[in-house]
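Step one of this worksheet: look at the structure below.
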Amino acid sequence: MITLAPTVTLWDAGEFITAAKVLGVPHPPGTPLFVLLGHVWAGVVRIGGYAWRLNLMSACFSASGAGCLFLVAHRLLQGEAEWLRIGGAAAAAILAAFPFTHWQNSNETEVYAVATFSIAAICWLGVRWRDLRGTARAPHILLLIVYIAALSIGNHLLALLVGPALSLFMLYTLRALPAADPAERQMEWAEWGALTAVWIVLVAVGLGSTPLIIAGGALLAACVVWSVMVGSWAFPVMAIGIAVVGISIYAFLYIRSGLHPILNEADPETWRNLLAVIRREQFGSRGLLDNPMVPGSPRTLTVFGQQFLNYFQYCSWQWGRALPFVPMVIVALVFVTLGSLGFEFTRRRDAGLAYLLGGLWLVTSVGLRSISTRYASATTSSWSAFRSGACSAPSVSCAWFGGCPNVPQPRLHAGESSSRLSFRCCRWAPTSRLPPAAMVPTPPSRATSPTTCCNRSSRTV
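Here's what the structure looks like:
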């Protein structure tokens, strides 16, 4: 709370604060969960200014996420002396909370703190599922995971990146530690299949991809049939129902947009517009083999090499950004070494957790770094995707008492003046309230991109 931003920070924070205040619709994909959470939080927490309250919400979610990683690390050290378990887990949680990008996003009104909390909570619930196997509570844990994942679509798709790691963790657990009862063993495998299929459907819904929805739906239907055959039909049916309840939070955008709030980005008051918001059509798209910086040219091995070389630079910023170059590199190497040793320790002590945390780290770091060109804008690819991974990869790797995350690098884009870049890199705006222009009603317009709105807001400030 000491380093909490006292008021509105730059980039998306002012837009989110405005949306929470007026129950508006921010830029695609609309983040309805975050808007509703912010509105309720600011109404309950009557301390400080409105912007400060929402900044505090991010800090609390970030701290809660670190607490979940504390529980994961504490479970990893099972069998050690209690003081060592608590001390080691506390070290992991503190290191997970302090990386530069994660700390920065924990001090302002952004979606990333809620997303990283969702990831950490799902990891801890996965560990609890393993501990409770063979009891009636185990399927309940999995259903809770489904609900958190489905609900998280309304905040940020970053939370769904835990899906492959969780599926791999369950797969390893079921193979390495099969249930003694053959019937129970079959039911657990069916639950794993249903959970994995639901995750694919959730990703498809979050991306607004019709082909992926059809493929995931077909796989889910096959898992339902499989579950019926082994006598576990209730689990997939309940999982589907719970997922629908979580996804239904997007109805907020449709309903609220029809009432024409002050902030109504992309105007999703029709099903077509709502689908466009979910699909993020305003951003455009490009293929994985396209050059992320030069439109119309292919992505070469040189570009790949530059991306991963830059990856280490992002790592070095997390714990020593204020240091001169050489000490900063040394600090980064220390954390990389600690992370590598910690992973090897985890692999030998608990291979299941190694699959869970290792898989999650790969997806949120190297995976995002490799495919961070979904959107046509170079600004979007270099900022949004890198920032998403930068908020989660450090926290995951710090469960091994170190790690190597990535972090977005502010850079001067084509057509952007140096003064605009300096403004974009400022820590927070010198205002104590929302920009007046944010409170002026304007006609709905699907042609107004988020970048344009940010530029207009920055001129107002």
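Plus 3 on top of the position in the sequence shown (first one is 1) and you've got our numbering. Cβ coordinates follow ideal geometry from the N, Cα and C atoms, glycine included.
Residues that DSSP places opposite residue i in a beta bridge
| i | result |
| --- | --- |
| P301 | D293 |
| N267 | V28 |
Interface flag, residue i vs chain B, CB-CB below 9 Å
| i | result |
| --- | --- |
| A22 | Checking the listed chains, one finds no chain B in this structure; it contains a single protein chain. |
C-alpha gap between residue i and residue j, whole angstroms
| i | j | result |
| --- | --- | --- |
| M190 | G220 | 20 Å |
| A246 | E347 | 36 Å |
| C428 | L13 | Residue confidence is low: C428 scores 34 on pLDDT, short of 50, so the model does not pin down where it sits. Its coordinate-derived value is still stated next. C428 and L13: Cα-Cα distance of roughly 8 Å. |
| N276 | D270 | 7 Å |
| T34 | N158 | 5 Å |
| A357 | P185 | 27 Å |
| C318 | P102 | 9 Å |
| L437 | G27 | The predicted model places L437 with a pLDDT of 37, which falls under 50 and marks its position as unreliable, so this point remains unresolved. |
| Q310 | R282 | 26 Å |
| P298 | V306 | 13 Å |
| E113 | N313 | 25 Å |
| G345 | R352 | 10 Å |
| A8 | I50 | 14 Å |
| L198 | L326 | 45 Å |
| D293 | F286 | 16 Å |
| G70 | G308 | 36 Å |
| I333 | L341 | 12 Å |
| M296 | G166 | 30 Å |
| Q81 | A354 | 14 Å |
| I20 | S155 | 19 Å |
| S65 | M232 | 42 Å |
| Q107 | F120 | 15 Å |
| S170 | L222 | 15 Å |
The alpha helix (DSSP H) enclosing residue i, as first and last residue numbers
| i | result |
| --- | --- |
| G219 | 213-232 |
| S67 | 53-79 |
| A279 | 274-282 |
| T494 | Only positions 4 to 464 of the chain appear in the structure, and residue 494 is not among them; the question remains open. |
| Y257 | 254-261 |
| Q189 | 185-210 |
| S343 | 328-352 |
| G41 | 35-47 |
| G287 | First-last for G287: undefined, no H or E at that position. |
| L242 | Inspection of the sequence shows that residue 242 is occupied by Ala rather than by Leu. Start and end: 237-250. |
Of the listed residues the options, nearest to residue i (C-alpha basis)
| i | options | result |
| --- | --- | --- |
| T6 | V306, W192, L39, W55 | W55 |
| E194 | W236, G211, E113, A335 | W236 |
| V25 | S260, R49, A183, V117 | S260 |
| W274 | H263, Y257, R283 | Y257 |
| V43 | G51, P31, L57 | L57 |
| P31 | S300, Y253, E85 | Y253 |
| H263 | I20, M4, D15, P29 | P29 |
Quiz item: Taking the runs of the alpha helix (DSSP H) that are 4 residues or longer, which of them lie wholly in the stretch 87-165?
Solution: 103-109, 115-134, 140-155
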